[in-house]
């Protein structure tokens, strides 16, 4: 017991190193449990997963490009969305009315 009282390294350093390494292993176990629980929660019904994969494979770059080509982007109008303090329904109705009025005026000219 005399050596333990005289050596500060054995008295303070050894317990600290044991605490650090033991804590590291303990944290690893706790985080592994967390990831295992998340993995179990993400599992879905195989029939639903097959249906999702079937729909996912149908979309291709070419089909999306063809959809973009069919759209008329020359008459596109940027309409600002409502601010958080504005009522979204009334603001969208107002935007539609002004857009329709502009379309009627442009059609007359």
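Residue numbers (the working numbering): 3 to 111. Beta carbons: idealized from backbone N, C-alpha and C, even for Gly. Every value quoted in this text rests on a predicted model; they were computed, and no experiment measured them.
Contact under 8 angstroms by Cβ, residue i with residue j
i: residue 81; j: residue 96; result: no
i: residue 84; j: residue 93; result: yes
Contact set for residue i: own chain, Cβ-Cβ below 7 angstroms, skip 5 residues either direction
i: residue 22; result: none
Host alpha helix (DSSP H) of residue i (start-end)
i: residue 66; result: 63-72
i: residue 102; result: 90-110
i: residue 32; result: 16-44
Identity of the residue in the options nearest residue i by Cα
i: residue 104; options: 79, 91, 39; result: 79
Three-state secondary structure (DSSP) of residue i
i: residue 82; result: coil
i: residue 12; result: helix
i: residue 50; result: helix
Close-in-space but distant-in-sequence residues of the same chain around residue i (CB under 8 angstroms, 5 per side omitted)
i: residue 8; result: none
i: residue 37; result: none
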